[in-house]
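Asker:
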Amino acid sequence: MIIRYLTLSIALFSLSFETIGATVQVAVASNFAGPMEAIAAAFEKDTGHRAAIATGATGKFYTQIQNAAPFEVLLAADDTTPTKIEAEGLAVPGSRFTYAVGKLVLWSATPGLVDEDGKILKQGGFGHLALANPKTAPYGAAAVEVLKQLGLFQTLAPKFVQGENIAQTQQFIATGNAPLGFIAKSQVLRDGELTGGSAWMVPEKLYEPIRQDAVLLVKGKGNSAAAALLDYLKTDLARRIIQSFGYGF
Numbered sequence: 001m002i003i004r005y006l007t008l009s010i011a012l013f014s015l016s017f018e019t020i021g022a023t024v025q026v027a028v029a030s031n032f033a034g035p036m037e038a039i040a041a042a043f044e045k046d047t048g049h050r051a052a053i054a055t056g057a058t059g060k061f062y063t064q065i066q067n068a069a070p071f072e073v074l075l076a077a078d079d080t081t082p083t084k085i086e087a088e089g090l091a092v093p094g095s096r097f098t099y100a101v102g103k104l105v106l107w108s109a110t111p112g113l114v115d116e117d118g119k120i121l122k123q124g125g126f127g128h129l130a131l132a133n134p135k136t137a138p139y140g141a142a143a144v145e146v147l148k149q150l151g152l153f154q155t156l157a158p159k160f161v162q163g164e165n166i167a168q169t170q171q172f173i174a175t176g177n178a179p180l181g182f183i184a185k186s187q188v189l190r191d192g193e194l195t196g197g198s199a200w201m202v203p204e205k206l207y208e209p210i211r212q213d214a215v216l217l218v219k220g221k222g223n224s225a226a227a228a229l230l231d232y233l234k235t236d237l238a239r240r241i242i243q244s245f246g247y248g249f
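The working numbering numbers the first residue of the sequence shown as 1 and each following residue consecutively.
(1) Taking F61 as the reference, give the member of N165, S186, E204, N223 with the closest Cα.
(2) Might you give, ordered along the chain, the residues of its own chain that have their beta carbon closer than 8 Å to the beta carbon of L229, omitting 5 neighbours on each side?
(3) Which residues in the same chain as Y232 place their Cβ atom closer than 6 Å to its Cβ, once the five residues preceding and following it in sequence are excluded?
(4) Report all residues from its chain with a CB closer than 7 Å to the CB of S14; omit the five preceding and five following residues, and keep chain order.
(5) Count the C-beta pairs between the stretch 194-207 and the stretch 72-89 that are closer than 8 Å, then say yes if the count reaches three, no if not.
(6) Using 8 Å as the Cβ pair cut-off and three pairs as the minimum, do the stretch 146-156 and the stretch 116-123 touch?
(7) Which word fits S186, buried or exposed, when buried means at least 16 other C-beta atoms lie within 10 angstroms of its C-beta?
(8) With H, G and I counted as helix, E and B as strand and the rest as coil, what does DSSP make of E193?
(9) Should E88 go down as buried or exposed, given a rule of 16 or more other Cβ atoms within 10 Å for buried?
(10) Starting from the Cα of A163, find the closest Cα among R240, L189, N177, L152 and give me that residue.
(11) So what's F97 in DSSP terms, helix, strand or just coil?
(12) Express the C-alpha separation of K135 and A250 in angstroms, rounding to a whole number.
(13) Which complete alpha helix (DSSP H) runs does the stretch 110-139 hold, if anything under 4 residues is left out?
(14) Taking only three categories from DSSP, how would you classify A77?
(15) Looking at the structure shown, is F160 part of a helix, part of a strand, or coil, going by DSSP?
(16) Identify, in the order they occur along the chain, each residue of the same chain with its Cβ nearer than 8 Å to the Cβ of A91, setting aside the five sequence neighbours on each side.
(17) Kindly list the residues whose CB is nearer than 6 Å to the CB of K159, restricted to its own chain and excluding five residues on each side of it in sequence; keep chain order.
(18) Would you say A143 and F182 are within 8 Å of each other, going by their C-beta atoms?
(19) Report yes if the CB atom of D79 is closer than 8 Å to the CB atom of D213, and no otherwise.
(20) Taking the beta strand (DSSP E) that T23 belongs to, which residues open and close that run?
(21) Given this structure, state the Cα-to-Cα distance separating R240 from E116, to the nearest angstrom.
(22) Using a Cβ-Cβ cutoff of less than 7 Å, which residues in the same chain neighbour L194 once the five nearest sequence positions on both sides are dropped?
(23) Rounded to the nearest angstrom, how far is the Cβ of T55 from that of A33, given a contact under 8 Å?
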């Protein structure tokens with residue numbers, strides 16, 4: 001009887017140990033912070049695994065990964081950084097894929113300030129224009145591309161206020177440090193509706209598609225939670241969440 005009890009206890013302990021989920025360390029581009037929080041919650045509920053999220057500029061994550069940061073998965077704001085990381089042997093070959101296509105918006109926290117055609121950029125009358133650092137943040141680079149396409153870059157460059165990443169850029173606008181600026185559509189859109197303020201949805205013909213790639217980093221190889229998260233990003237539920245924030249595929 002005692003032996004049977006011990007055997008049963010060991011079996012139950014082993015089963016409970018096996019069902020405890022693992023944790024994956026994920027570097028997430030700032031523009032994707034909102035969707036990733038929702039996806040991480042659903043991911044944990046459905047798989048038992050947990051995603052530990054760090055958000056920031058893709059360019060800075062690239063430098064950190066080169067310097068042995070403990071990230072296991074990268075969700076970048078572009079497709080070039082994951083490609084470079086893979087070429088440098090810091091990612092698992094064949095693991096890279098596009099999880100979302102980002103979209104740019106000119107946004108102000110003030111209702112009525114930004115017209116739906118973006119004419120305010122030519123009209124002027126504002127002190128500062130916020131955008132993310134184009135050297136490290138793909139959305140900042142896209143904003144520069146738009147202004148050059150419109151022939152306004154030289155005129156508006158003296159008004160630039162640069163955020164370290166797209167999240168800080170939104171803060172500049174939300175707090176009034178800049179009356180308007182270029183950010184990710186996902187930061188101000190929920191289920192197709194603007195969450196506040198005023199905005200111009202920048203035509204996608206004015207900038208190269210912002211393809212955002214995910215990749216399994218070498219440090220995540222062998223972590224079941226890392227592989228599971230990348231698979232989960234391709235599920236219908238995850239894609240519905242991503243689309244609800246204004247992203248395409």
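The beta-carbon is built from N, C-alpha and C at its ideal position, and this holds for glycine as well.
Bear in mind that the values here come from a model prediction, so they are computed numbers and not experimental data.
Answerer: Working from what's here:
(1) By alpha-carbon distance to F61, the top candidate from N165, S186, E204, N223 is N165.
(2) If the five residues before and after L229 are omitted, its C-beta is found closer than 8 Å to the C-beta atoms of V24, V26, F43, H49, A51, V73, all from its own chain and listed in chain order.
(3) F43, A238
(4) Any reading at S14 needs caution, since the residue's pLDDT is 39, under 50, leaving its predicted position unreliable; the model's value is listed next. Excluding residues within five positions, none has a Cβ falling inside 7 Å.
(5) no
(6) yes
(7) buried
(8) strand
(9) exposed
(10) The amino acid at residue 163 is misidentified as Ala; the sequence shows Gly. If we check each option's Cα against that of G163, N177 comes out closest.
(11) strand
(12) Given a span of 1 to 249 for the chain in the structure shown, any question on residue 250 remains unanswerable.
(13) 120-123
(14) Per DSSP, reduced to three states, the secondary structure at A77 is coil, with no helix or strand assignment.
(15) strand
(16) L74, P82, I85, V215, L216, L217, V218
(17) H128, L129
(18) yes
(19) yes
(20) Taken as a continuous stretch (DSSP letters only), the beta strand (DSSP E) holding T23 covers 23-29.
(21) 26 Å
(22) V188
(23) 5 Å
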